[in-house]
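A.B. asks:
Residue numbers (the UniProt record's numbering): 1 to 360.
1) Taking C-beta to C-beta, are residue 68 and residue 261 nearer than 8 angstroms?
2) In angstroms with no decimal places, state the Cα-to-Cα distance between residue 163 and residue 108.
3) Restricting to Cα atoms, I'd like to know which of 290, 255, 360 is closest to residue 282.
4) When burial is assigned at 16 or more other CB atoms within 10 Å of the CB, is residue 100 buried or exposed?
5) DSSP on residue 70, reduced to helix/strand/coil?
6) In chain order, what residues of the same chain have a beta carbon less than 7 angstroms from the beta carbon of residue 351, not counting five sequence neighbours either side?
7) Tell me which same chain residues have a C-beta within less than 7 angstroms of the C-beta of residue 222, skipping the five on either side of it?
8) Between which residues of its own chain and residue 218 is the CB-CB distance below 7 angstroms, once the five residues before and five after are set aside?
9) Just how far apart, CA to CA, sit residue 229 and residue 210?
10) Just to confirm before moving on: does the CB-CB distance between residue 136 and residue 119 stay below 8 angstroms?
11) In chain order, what residues of the same chain lie with their CB nearer than 6 angstroms to the CB of residue 51, ignoring the 5 residues before and after it?
12) Which two residues bound the contiguous alpha helix (DSSP H) that contains residue 295?
13) Where does the unbroken beta strand (DSSP E) through residue 353 begin, and where does it stop?
14) What residue range is occupied by the uninterrupted beta strand (DSSP E) comprising residue 108?
15) Checking 8 angstroms against the spacing of the C-beta atoms, do residue 169 and residue 356 come in under that value?
16) Can you tell me which of the three DSSP states residue 298 falls into?
17) Going by beta-carbon coordinates alone, are residue 123 and residue 132 separated by less than 8 angstroms?
18) Please look up how many angstroms separate the CB atoms of residue 208 and residue 180, rounded, as I've assumed it's under 8 angstroms.
19) Distance, Cα to Cα, residue 117 vs residue 215?
20) Taking the beta strand (DSSP E) that residue 224 belongs to, which residues open and close that run?
21) Alpha carbon to alpha carbon, how far is residue 278 from residue 213?
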């Protein structure tokens with residue numbers, strides 16, 4: 001009876017050397033993403049190869065080549081939906097963190113998982129089952145909240161896919177006081193601001209890092225850029241201002257983007273627009289508007305529908321909605337996906353693009 005080590009050596013010597021060089025990349029390119037969840041390497045050589053980011057970047061589909069999936073989180077249960085084929089998968093036992101942590105954010109193939117102790121956070125790639133614990137934050141007396149995170153190299157696969165950053169906000173007496181950014185390459189936190197003096201910001205809807213600048217969308221609907229010990233307000237486009245407005249900021253290929261949904265008085269459906277911010281001209285350009293026939297599919301009774309983005313794709317109506325509307329920013333294509341009961345009953349959801357080439 002051979003030991004596991006002896007079996008691995010036989011695989012390495014007798015099988016691996018006889019395989020054509022292109023066979024494994026071809027297999028990986030053909031596999032649907034959910035097959036990677038069950039992928040197991042049978043030898044040391046295979047394990048080493050499947051943990052080589054350069055090899056994986058050449059052997060897996062480009063992140064922009066397919067529409068993202070939808071992560072559904074409800075009462076501790078996690079479901080992943082492939083929106084192209086309406087196929088749903090349940091995550092089970094992919095990580096020892098699963099029972100003790102919840103998904104705080106999903107982006108660029110990774111999960112940010114947060115425990116009951118806000119000082120303990122992990123980055124996890126469920127496809128290759130690798131994870132990285134974030135280092136302890138600087139010791140602060142005030143409350144610290146992991147507000148959001150961003151991967152600036154998502155669509156540039158020729159760049160280092162490990163360039164992942166996490167934005168954390170520190171609050172004191174209910175006010176925002178400091179902003180920190182975690183850099184995965186250096187595995188450390190950096191303070192990008194000191195005590196704020198210019199604004200009394202008490203609520204942040206989302207935080208974003210774009211080309212080295214941190215942007216904060218306040219709960220009040222105002223947008224700020226972090227500048228030292230000041231918050232610099234950026235005027236938002238005033239296309240429709242006579243109804244309930246939903247705003248969401250996201251990053252797309254080096255640009256700050258704004259998703260804006262407005263319920264205009266006496267209108268049967270919302271008006272939904274996408275805007276791109278020009279940092280040099282300090283102005284907004286409208287890049288897309290949702291067609292009326294798709295806007296009418298959004299459940300009008302759910303005024304506060306969710307906007308989320310991943311790579312080239314933006315999704316609308318993710319929570320408690322009968323329809324998910326998707327937009328490809330590059331191709332300008334709009335389409336809708338009928339939501340199953342999983343999506344309508346979920347407590348929280350994210351768009352997420354599976355990636356095998358990020359090894360933590």
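Glycine included, C-beta positions come from ideal geometry on N, C-alpha and C.
C.D. replies: On the basis of the data shown:
1) no
2) 11 angstroms
3) 255
4) exposed
5) strand
6) 68, 70, 308, 309, 310, 313, 315
7) 233
8) 201, 203, 204, 205, 224
9) 19 angstroms
10) yes
11) 359
12) 292-295
13) Here residue 353 belongs to no beta strand (DSSP E), and DSSP marks it neither H nor E.
14) Premise fails: residue 108 is in no beta strand (DSSP E) and is neither H nor E.
15) no
16) coil
17) yes
18) Between residue 180 and residue 208 the Cβ distance is about 14 angstroms, and since that is not below 8 angstroms, they are no contact.
19) 26 angstroms
20) 223-227
21) 13 angstroms
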